[in-house]
């Protein structure tokens, strides 16, 4: 049996394949959010074989097409930048590819072996080698997009960057439109963290700055926790470069320029390479002694190719018409798409651990072709059209009751009104149907909604509409919770008001006494949801995380409260993401329900908008009445 000592691989597990395509497997090198990496043998040399998880590719033909394109790009990459591509099969289900095995240590492993951060000389070498690889890639108008410690391999000769290609394929595929964001949060650029399209090498330069800060301190400069907190710091706060500055002030200043919030202010990889070269010469042994010893073991392993007896027995071929085990394009004659059925993704909320690669899942979701049907504003009740719900239990708002028939929207003109009263006193109430002013219809209804969880309150209201509306609303609640700083005062955080009036057809809708509901976007039919206390995004219309309530404020605005966390959404400015925070403890939490189902921030005037990259968070953008800004309630 082949000894894996020195290889960095662990023995294969019971569920692991013994062959992938024509390549026999000897051990497991690692696994991440999108695939597993195995140690294999290709034409007498060791190879790193990455097989994508079946749940990742599922029925996403767009991803498969882009994945094939990125394999073509990977084959174009210069040898000094990354491990060369040896083989692959884009037609396999799941697809796979193999690169030359790199006898090295990831930067994460290197800090463990070294027992802490690297010295200043090794940091300048790290900068030179990484910048050299990135400069070669950027010269081909290509970008890595997921540079992080686990994708940086230290070798006896210098450094190799790994995991090119798949990140780009995932970023541009439908995976990013079903709740997946490419990259590792702690090493994302501000462009990536805020959901903007990031296509230049500046994103890699920012990530390289974060990697260098990690190598100097053992933690990334914006923190190593998961979720939207670190993304917020990347966009809005300054990095912690104190440990690096203590080691080398000049290098700290250079890294600070890499971490400029604006991509125009960052140096290029070529400029970084030129600066790092001046701190040479770099003579072997390149790395500290402990690293050199371990790297020597890895290099020695490569010189001992396995015997035939060490290889697993070939597996019988199950398919009489298998795909070609080369990097090629789909045979036009192939009709077998190997379509699977509905797949439930079971990926952790945000990946930050060493070895986690390529993508992060913000929330588990179910994926099927039928889940992507477009929604129009008339397919369900608009935001200003209420629905009834049962009172929620303590600590959580729950959609346990079926909406009353009188509260269900109807497509007939006399039953579904164009509810456009003013937010300070217009519109209908917590339940019922609305008359359509244009059709001369009229209707009335009443309902109630209640909830309790931290900052949530209850409210009831009734009204009627025929093009203008009147209504009243009241709410009360206590700001209590399980933490030590809970408030027990009954008046400071409870409201009882009755703002009534009438408005023209272009006014805002009333949101008092809202009950519990879903907020479905008119552009893509997905619902505003959240991962517990994290920021909202457009995702599945299931679970308490996708439920919301409106709580009326004295000035006629509302808080928009999540049914899972009990937190209110807020925003800082137009063009910024929408986040969540305990209600009443920050500014920017007051909203008005506008005509057509828009959610307008009272402080900034912007509207809650689905990002261009769906599933990456909702944003506060200038109101334009587009489908991306219209939310219907159901």
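Residue numbers (UniProt numbering): 1 to 634. Glycine included, C-beta positions come from ideal geometry on N, C-alpha and C. Only a predicted model underlies this, so the values are computations on that prediction, with no experimental measurement involved.
Rounded to a whole number of angstroms, what is the C-alpha to C-alpha distance between residue 521 and residue 632? So the alpha carbons of these two residues sit roughly 6 Å apart.
Between the C-alpha atoms of residue 121 and residue 587, what's the straight-line distance to the nearest angstrom? The alpha-carbon atoms of residue 121 and residue 587 are separated by roughly 46 Å.
If you follow the beta strand (DSSP E) that residue 39 is part of, which residue opens it and which one closes it? 35-42 is the span of the beta strand (DSSP E), which, as asked, contains residue 39.
Residue range of the unbroken beta strand (DSSP E) whose run includes residue 23: 23-31
Measuring straight from C-alpha to C-alpha, what distance separates residue 382 and residue 235? Because the pLDDT at residue 382 is just 46, under 50, the model does not fix this residue reliably, and the point stays unresolved.
Locate the alpha helix (DSSP H) running through residue 313, then write down its first and last residues. Per DSSP, residue 313 belongs to no alpha helix (DSSP H) and is neither H nor E.
Checking 9 Å against the spacing of the C-beta atoms, do residue 140 and residue 90 come in under that value? no
How would you write the range of the alpha helix (DSSP H) that residue 640 sits in, first residue to last? Look at the range of the chain in this structure, 1 to 634, and you will see that residue 640 is not part of it.
For residue 552, three-class secondary structure by DSSP: strand
Beta-carbon within less than 6 Å of residue 14's beta-carbon, same chain only, minus the 5 sequence neighbours each way: which residues are those? none
Supposed contact pair residue 26 and residue 306 - C-beta distance, whole angstroms, cut 8 Å: Taking C-beta atoms under 8 Å as the contact rule, residue 306 and residue 26 qualify, at a distance of about 7 Å.
If you count every other CB in all the chains shown that lies within 10 Å of the CB of residue 303, and 16 or more means buried, which is it? exposed
Using a Cβ-Cβ cut-off of 7 Å (strictly less than) and excluding sequence neighbours within five positions of residue 162, which residues of its own chain qualify? Within the same chain, and ignoring the five residues on either side of residue 162 in sequence, the residues whose Cβ sits closer than 7 Å to its Cβ are 82, 83, 102, 151, 153.
Between the segment 36-46 and the segment 62-70, do at least 3 Cβ pairs fall closer than 8 Å? no
Let's test the definition: count the other Cβ atoms within 10 Å of the Cβ of residue 619 and tell me whether it reaches 16, buried, or not, exposed. Under this definition residue 619 is a buried residue.
Does residue 621 come out as helix, strand or coil in the three-state DSSP assignment? strand
Are the beta-carbon atoms belonging to residue 104 and residue 159 less than 9 Å from one another? Yes, the Cβ-Cβ distance between residue 104 and residue 159 is below 9 Å.
Contact check, residue 285 vs residue 18 under 8 Å by CB: the rounded distance? Taking 8 Å as the upper bound for CB-CB distance, residue 285 and residue 18 are not in contact here, some 38 Å apart.
If we count Cβ pairs, one from each stretch, closer than 8 Å, do we get three or more for the segment 204-211 versus the segment 128-145? yes
Mark residue 625 as exposed unless 16 or more other C-beta atoms lie within 10 angstroms of its C-beta, in which case mark it buried. exposed
Considering only the beta carbon of each residue, do residue 610 and residue 538 sit closer than 9 Å? yes
Whole-angstrom Cβ separation of residue 605 and residue 621, contact assumed at under 8 Å? Contact doesn't hold; Cβ gap of about 11 Å is too wide.
Apply the 10 Å Cβ neighbour rule to residue 70 and answer buried if 16 or more other Cβ atoms are within range, or exposed otherwise. buried
Leaving out the 5 sequence neighbours to the left and right, which residues in its chain are closer than 7 Å to residue 2 when beta-carbon positions are compared? 26, 306, 310
Since residue 148 sits in a beta bridge, which residues does DSSP pair it with? Looking at the DSSP assignment, residue 148 forms no beta bridge with any residue, so it has no partner.
If you run the structure through DSSP and keep just helix, strand and coil, what is residue 580? strand
In terms of residues, what are the limits of the alpha helix (DSSP H) holding residue 124? Going by DSSP, residue 124 is part of the alpha helix (DSSP H) stretching over 120-138.
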